[in-house]
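Numbering (my numbering), first residue to last: 7 to 639.
C-beta: ideal position from N, C-alpha, C; glycine also.
The model shown is predicted, which means the values in this text are computed figures rather than measured ones.
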Ligand code: C2E
Ligand code: MG
Ligand code: MG
């Protein structure tokens, strides 16, 4: 029997181990399982060589001992198969208890196999001249092959059945590894003088190493810190174990280095990284966006670590400690406020990108309520996205009564969306989020298009109506192409511009005023009129009315209702009415719910009344019916 091939295998494995051990590593369960496979395979090859030697010198040593060692080699083959199974189960049964529950079954099976191998006989096949042992055979070998077969079938079965749970790279690597083994043992079975099974095991380990287990894949190349892939895998283990931990994120955007000269930045950055690495009982990860994640297992250490880091950043960095670097800080004392590693990373990205959250502070401590709010926002975002995609956007119309003409002459178009179950969702729930995410542009355009379709289907003058008011969001007002897009839509449906009145708000006039005025000028030239919505909320300022070329001012419901509750508010409103009328503008009073409120508004000379007193916002068909009865006489 030859031992050269096995010796090659041993050398190969030692080289791999050298590389493996030299790398900076992180304690991942899968790496532990990989070491199991490595150990089993290594033991197998060593025992292979050892048993060949012992058989060679069996006359000197002892026949019984030689058989025992040869059988031990067979046992080690089972060890390899078992370790391969365990390597896969780490992914499938992430929870430790479940993993061990499964492994116990296989351990019992292995123990039975080991007993079998030692209990039944093993024979030598001698060369033709009877001088040398060529290979071993007999029941002991068959038991080994049989058991190995059971394990391999089980592995293939799990690879298929649990494929959703196994990392695809691991599946592929394990498949290649098994294939190499099967081909090698088949060859060895046919050509009994080439003993390549051990070597094939070493090749298999190399495949696993190259495909998955090279610790370098967990490192960030530029800094040598662990990368975001490692963070994900490491955090995932904590969630599976249901163990809490703390994360501190330091985000260095360009603004962090604002006052640091270009050439000093690299030095300051290196110094910061070195400092982070020296933090006691903390692991540091870095992602591609130059964000650093410091992970603490224990809350007390975390609190102290955060305190230390923050105070260190109050002094400068670089050669003369003159570089003041100001990162954004995001601290999650309890990472279990989210439920998985995916959500943790998603959440951190979400907060980072939400500039509004950092508008007043550079340090955010995230607790449960903030996370719940985020989940809700995410749901709403999804809701809007789906509503846009599957056209679950609807427009309701709320009639507006003209006190002069004593009938309904206009209406406000108010958006609604439906959720998956078909329930109506009011704009209060989603407008802010649609604005933040930019989806308001699409949503607003859909509303406008639906209004135009409505007017085309039901010409307003048939119902004694003059125009429909459509809300414009701040974001839409600051959108350069708004006027062009809206004119194109009106042309497409042949809607007369006099049928449209666009509502803007004061906040729209402060943000991107120039664009708004440009859009307004273009639309007004086309014939569209404007009104100022939400008057009486926030810091309303009569100057806005002077500045803005609007024809109508809409008194917010809060303003009209305080008129009836508060003596002083009365004077404010009366003065406002006086001034607005003085500017030759008309007024719409919103939120009028009772006959008494209606009469008072009429007496005050308000030209238009909107509110539940007349009607709530109505779906299209109901609104038409309403007009047919209300405006008939
Ligand atoms: P808004 O433009 O001031 O619209 C008036 C709101 O007051 C509507 O709420 C309407 O249903 C409600 N309302 C009217 N009369 C009464 C009343 O007598 N009592 C009470 N309690 N409420 C009354 P809605 O439809 O929930 O809309 C809320 C806000 O959402 C709107 O305030 C507007 O700012 C925004 N919005 C609605 N549709 C759109 C849209 O298509 N685009 C944009 N950008 N914003 C919209
Ligand atoms: Mg409005
Ligand atoms: Mg309003």
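Handout entry: residue 432 to residue 617 span [Cα, whole Å]
Key = 16 Å
Exercise for the section: Helix, strand or coil for residue 423, going by three-state DSSP, please let me know. Expected result: Correct three-state label for residue 423: strand.
Exercise for the section: For residue 317, count neighbouring C-beta atoms within 10 Å of its own C-beta (all shown protein chains included) and say buried if the count is 16 or more, exposed if not. Expected result: exposed
Practice task
Determine which residues share a DSSP beta bridge with residue 257 and list them.
Solution key: 297 and 334
Problem - Test item: CB-CB of residue 406 and residue 587 under 8 Å - result: no
Practice task
Please name the residue, chosen from 572, 492, 176 and 122, that lies closest to residue 151 on a Cα-to-Cα basis.
Solution key: 122
Exercise for the section: With residue 370 as the anchor, note down where its beta strand (DSSP E) starts and where it stops. Expected result: 369 to 371
Practice task
State yes or no: is the C-beta of residue 192 within less than 8 Å of the C-beta of residue 202?
Solution key: no
Exercise for the section: Name the one or two DSSP bridge partners that residue 129 has. Expected result: 143
Problem - ligand 5 heavy atom lying under 7 Å from the CB of residue 418 - result: In the structure on display, ligand 5 does not appear, and the ligands it does have are ligand 1, ligand 2 and ligand 3.
Problem - Ranges of the beta strand (DSSP E) found wholly within the stretch 461 to 546, counting only runs of at least 3 - result: 473 to 477, 506 to 510 and 535 to 541
Handout entry: residue 307 versus residue 54: straight-line alpha-carbon distance, rounded
Key = 49 Å
Problem - Chain-ordered residues, beta carbon under 5 Å from a heavy atom of ligand 2 - result: Selection output, chain order preserved: 477, 509 and 539.
Handout entry: Bridge partners - residue 323, DSSP secondary structure assignment
Key = 329
Problem - Segment limits, alpha helix (DSSP H) that includes residue 433 - result: 433 to 443
Practice task
Using 7 Å as the cut-off, classify the Cβ of residue 625 as near or not near the heavy atoms of ligand 1, replying yes or no.
Solution key: no
Exercise for the section: Excluding the 5 residues preceding and the 5 following residue 124 in the sequence, name in chain order all residues of the same chain whose CB lies nearer than 7 Å to its CB. Expected result: 77
Handout entry: residue 634 Cβ short of 7 Å to ligand 3 heavy atom set
Key = no
Handout entry: Pair within 8 Å by beta-carbon distance, residue 146 and residue 126
Key = It is a contact, given that the beta carbons lie within the stated cut-off.
Handout entry: Nearest to residue 585 (by Cα), restricted to the options 598, 610 and 84
Key = 610
Handout entry: ligand 1 heavy atom lying under 7 Å from the CB of residue 602
Key = no
Handout entry: First through last residue of the beta strand (DSSP E) which encompasses residue 291
Key = 288 to 292
Handout entry: Residue span of the beta strand (DSSP E) that contains residue 560, given as start and end
Key = Taken as a continuous stretch (DSSP letters only), the beta strand (DSSP E) holding residue 560 covers 558 to 561.
Exercise for the section: Determine the direct distance from the alpha carbon of residue 338 to that of residue 237, and round the result to whole angstroms. Expected result: 15 Å
Exercise for the section: Using the Cα positions of residue 223 and residue 427, report the straight-line distance between them to the nearest angstrom. Expected result: 45 Å
Practice task
For residue 462, collect the residues of the same chain with a Cβ closer than 8 Å to its Cβ; drop the 5 residues on either side in sequence, then sort them by chain order.
Solution key: 499, 500 and 501
Practice task
Buried or exposed for residue 133, please, with buried defined as at least 16 other CB atoms from any protein chain shown within 10 angstroms of its CB.
Solution key: exposed
Practice task
Figure out for me which residue from 416, 113 and 128 has the closest Cα to the Cα of residue 69.
Solution key: 128
Practice task
Have a look at the DSSP bridge pairing and note the partners of residue 89.
Solution key: Beta-bridge partners assigned by DSSP to residue 89: none are found.
Problem - Nearest residue (CA-CA) to residue 643, options 278, 267, 475 and 304 - result: With the chain represented from 7 up to 639, any question about residue 643 goes unanswered, as that position is not in the structure.
Practice task
Would you check if the distance between the CB atom of residue 454 and the CB atom of residue 476 is smaller than 8 Å?
Solution key: yes
Problem - Residue environment, residue 367, which counts as buried when at least 16 other CB atoms sit within 10 Å - result: Exposed is the call here.
Problem - Beta carbon of residue 474 nearer than 8 Å to that of residue 457 - result: yes
Handout entry: Cβ-heavy atom distance, residue 453 to ligand 1, below 7 Å
Key = A heavy atom of ligand 1 is found nearer than 7 Å to the CB of residue 453.
Practice task
Could you have a look at residue 65 and say whether DSSP puts it in helix, strand or coil?
Solution key: In this structure, residue 65 counts as coil in the three-state DSSP scheme.
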